[in-house]
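Just below is one structure, and these are the notes that go with it.
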Amino acid sequence: MPTPVLSDYLPGLLVQPVSEFEVVWRWDAIVRGFLFTGTFPVFPWIIFPLIGFVVGRRITAQRLQRDLPWLLAAAIAFIGLGFGLAYSSLSRPGVSVVSEYIAPLSFYPDSFTMMLCQVGISLGVFLLLYDAYDIRGRGEQPGGFVTGLFMRRSRFSLTFYFLHYLIIGWSLAVVFLLTGEYLIFDLTGAWPALFCGVTAVAFLELLIGFWERRGGRYSLEWILAMLTARYVRA
2 MPTPVLSDYL PGLLVQPVSE FEVVWRWDAI VRGFLFTGTF PVFPWIIFPL
52 IGFVVGRRIT AQRLQRDLPW LLAAAIAFIG LGFGLAYSSL SRPGVSVVSE
102 YIAPLSFYPD SFTMMLCQVG ISLGVFLLLY DAYDIRGRGE QPGGFVTGLF
152 MRRSRFSLTF YFLHYLIIGW SLAVVFLLTG EYLIFDLTGA WPALFCGVTA
202 VAFLELLIGF WERRGGRYSL EWILAMLTAR YVRA
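First residue of the sequence shown? That's 2 in the numbering used here, and the numbers climb one at a time after it.
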């Protein structure tokens with residue numbers, strides 16, 4: 002179904018499922034969904050760690066600065082191609098977001114067009130921040146409110162990601178206990194949902210700030226560091 006708000010201006014460009022994902026309990030369906038057609042399948046989602054691995058190696062080799070112009074051009078091309086194919090799909094009603102390349106933008110499950118946009122946006126934002134903080138701001142002492150947010154979020158990214166799902170899950174569970182309804186798609190409207198999301202992010206920022214001042218102990222990153230030091234040589 003069309004996504005609220007955006008569909009008032011560009012009907013059919015961004016869609017979402019009408020109900021919760023249903024698992025087919027057969028081995029062939031499970032394997033196919035895990036690899037190709039599930040909500041976040043291995044292919045093509047593996048492209049994100051692969052891109053991160055390549056970009057990270059270029060950074061450690063101090064070669065990313067010379068790659069910035071053509072990588073930014075590639076990011077813009079990915080975004081343009083994703084939106085262009087999604088716009089082209091508006092003339093093809095009934096198109097599948099799972100199995101077709103010219104399809105509307107869909108995040109759940111990811112359509113091919115959304116994947117192109119996500120690659121472009123992720124790469125573009127990362128490169129722009131690298132240019133702003135690691136190239137132009139090189140040699141400066143880190144400071145400022147926004148810089149502090151970036152650095153703290155980087156140090157606690159896995160914990161932040163894990164906690165935000167707990168907020169969503171337990172909120173739905175409490176509503177279910179009170180009403181007997183599991184309102185994963187119908188809990189609030191678009192604007193109240195946006196307000197709740199911004200509020201949750203602000204709360205988690207305060208929480209990890211408090212956590213950081215206490216040494217970051219027992220965060221998921223702290224646990225990973227312990228396991229790495231214990232089981233990985235050198």
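Using N, Cα and C, we set each Cβ at its ideal position, and we do this for glycine too.
Rounded straight-line distance, which links the Cα of V199 to that of P249 | The structure shown does not extend to residue 249, since the chain spans only 2 to 235, so no value can be given for it.
Which of helix, strand or coil DSSP assigns to P18 = coil
Contact check, T1 vs V16, beta carbons under 8 Å = Since the displayed the chain opens at 2 and closes at 235, residue 1 lies outside it and no answer follows.
For P3, name the three-state secondary structure that DSSP assigns.
-> strand
Going by other Cβ atoms of all chains shown within 10 Å of its Cβ, with 16 needed for buried, is S90 buried or exposed?
-> buried
First and last residue of the alpha helix (DSSP H) that includes I169?
-> 158 to 180
Considering only residues of the region 30 to 61, which uninterrupted beta strand (DSSP E) runs meet the minimum length of 3 residues and lie entirely inside it, listed in chain order?
-> none
C-beta contact flag for F163 and I209 at 8 Å | no
Identify, in the order they occur along the chain, each residue of the same chain with its Cβ nearer than 6 Å to the Cβ of G83, setting aside the five sequence neighbours on each side.
-> T114, L117, C118
Own chain residues within Cβ distance below 6 Å of Y102, not counting five before or after = F113
Can you name, in chain order, every residue of its own chain whose Cβ lies under 8 Å from the Cβ of V99, other than the five neighbours on each side?
-> T38, P110, S112
When the distance is taken between beta carbons, is L51 closer than 8 Å to L236?
-> Missing from the structure shown is residue 236; the chain here goes from 2 to 235 and no further.
Give the range of the alpha helix (DSSP H) segment to which R214 is assigned.
-> 191 to 214
Between V6 and the rest of its own chain, which residues show a CB-CB distance below 7 Å, the 5 nearest in sequence each way excluded?
-> A191
If you draw a straight line from the C-alpha of F35 to the C-alpha of G145, how long is it?
-> 42 Å
Between L150 and E206, which are expected to be in contact by the criterion C-beta below 8 Å, what is the C-beta distance as a whole number of angstroms?
-> 7 Å
Q119 lies in the alpha helix (DSSP H); which residues open and close that run?
-> 113 to 131
N-terminal and C-terminal residue of the alpha helix (DSSP H) that G79 is part of = Going by the sequence as given, residue 79 is Phe instead of Gly. Element bounds for F79: 65 to 89.
Tell me, which residues are paired with F108 by DSSP?
-> D111
Residues in its own chain within less than 7 Å of I47 by CB, not counting five upstream and five downstream?
-> none
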